[in-house]
Each structure stands twice: as C-alpha cells, then as structure tokens.
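Mapping the sequence shown onto full-length UniProt numbering, position 24 (from 1) lands on 24, and the numbers just tick up by one. Cβ coordinates follow ideal geometry from the N, Cα and C atoms, glycine included.
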Amino acid sequence: MRFVTWLLTYAAGLAVAAQLLDGIRFDGPATGQAELQEKILPLLLVALILGLVSTFIEPVIKLLSLPFIILTLGFLLLVINALMLLLTARLADAFDLGFHVDGFWSALVGALIITVVGWGVRTALPARD
Numbered sequence: 001m002r003f004v005t006w007l008l009t010y011a012a013g014l015a016v017a018a019q020l021l022d023g024i025r026f027d028g029p030a031t032g033q034a035e036l037q038e039k040i041l042p043l044l045l046v047a048l049i050l051g052l053v054s055t056f057i058e059p060v061i062k063l064l065s066l067p068f069i070i071l072t073l074g075f076l077l078l079v080i081n082a083l084m085l086l087l088t089a090r091l092a093d094a095f096d097l098g099f100h101v102d103g104f105w106s107a108l109v110g111a112l113i114i115t116v117v118g119w120g121v122r123t124a125l126p127a128r129d
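This is how it looks when you write it as structure tokens:
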C-alpha cells in the first residue's frame with residue numbers, strides 16, 4: 001500500500017506540473033477522454049522513474065553537496081530537485097515515454113509544484129501508525 005501511495009503522490013505532482021506549466025508536458029492529445037486514456041500509463045511510468053531517481057540518486061547528490069547546501073542555506077536543494085526532474089525527463093526520453101521538460105527554469109518551477117502537491121497529498125491522507 002505504501003508503494004501505491006508513493007507512486008500516486010509523484011503522479012499527482014507530475015500531472016499538476018504538466019497542467020500548469022507550458023515547459024513540462026506529455027505527448028498526446030490535450031483534452032478529453034483520449035488525453036486521460038493515452039497519458040495515464042506514461043504518467044505512472046514517469047512517476048516511477050522520478051521516484052526511483054529520488055530514492056537512489058538524489059540522496060547521494062545531497063550527501064556529496066552537503067557543504068554547499070549549508071553554505072547556500074538550503075537553496076541548493078531547489079537546484080538539485082530541478083536537476084533530478086531533468087534527469088527524469090532524460091530517462092523518460094530514453095524509454096520513449098513522451099515526457100518533456102523544456103529547460104532548467106521549467107524544471108525548477110516544476111520541482112516546486114511537485115513538492116507542494118506531494119506535501120498536500122501526504123497531508124490529506126490519513127496518518128500511518
């Protein structure tokens with residue numbers, strides 16, 4: 001159950017970011033039932049990739065850059081999150097999932113949106129004991 005929650009949290013964040021930003025998008029139809037049918041599987045696969053990148057690669061990057069994170073009072077974490085989203089887009093492109101992030105600034109704002117949406121979803125869910 002924890003895995004499903006984790007996956008759906010990332011998927012919700014990606015969906016909101018793709019909806020709000022022109023620089024983050026999925027290939028395919030833009031409206032209607034066809035959009036939902038064609039984009040749900042790529043959305044879940046990209047959420048899985050983002051979750052795996054966040055689980056395995058991001059902690060290593062954060063550990064290696066810890067002195068700079070402290071020096072910048074944590075602002076470097078925003079850059080790291082944006083870079084992880086760009087890496088996810090590259091990996092999704094390698095698997096031909098149709099997910100695109102157009103540049104660093106779109107990735108930065110998208111990472112903020114994904115973080116806020118993820119926080120909101122986790123807050124709305126009942127607490128685990």
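Between residue i and residue j, what straight-line distance do the alpha-carbon atoms span, to the nearest angstrom?
i	j	result
residue 155	R25	The chain is shown from 1 up to 129; residue 155 falls before or after that span and cannot be answered.
residue 156	L36	Summary: the structure shown does not reach residue 156, with the chain confined to residues 1 through 129, and so no result is reported for it.
L43	I70	34 Å
G32	L63	43 Å
K39	T72	38 Å
R2	W119	15 Å
A89	F68	25 Å
G23	V16	12 Å
G28	L66	40 Å
L21	V101	10 Å
L41	T55	21 Å
By Cβ distance, which residues of its chain are closer than 8 Å to residue i, with the 5 residues on each side in sequence left out?
i	result
L78	L108, A111, L112
residue 160	Residue 160 lies beyond the residue range present for the chain, which begins at 1 and ends at 129; the question has no answer from this structure.
So residue i and residue j are supposed to be a Cβ contact under 8 Å. How far apart are they, rounded?
i	j	result
A47	L14	6 Å
V53	L87	6 Å
A12	V121	5 Å
Tell me which same chain residues have a C-beta within less than 7 Å of the C-beta of residue i, skipping the five on either side of it?
i	result
A92	V46, I49, F99
Practice problem: Kindly confirm or deny that the region 104-111 and the region 80-96 touch, where touching means at least three C-beta pairs closer than 8 Å. | Solution: Contact between the region 104-111 and the region 80-96 is established, with three or more Cβ pairs separated by less than 8 Å.
Quiz prompt | 3 or more residues per run - each beta strand (DSSP E) lying fully within the region 68-126 | solution = 99-101
Quiz item: Could you give the uninterrupted runs of the beta strand (DSSP E) lying entirely in the region 40-64, keeping only those of 3 residues or more?
Solution: none
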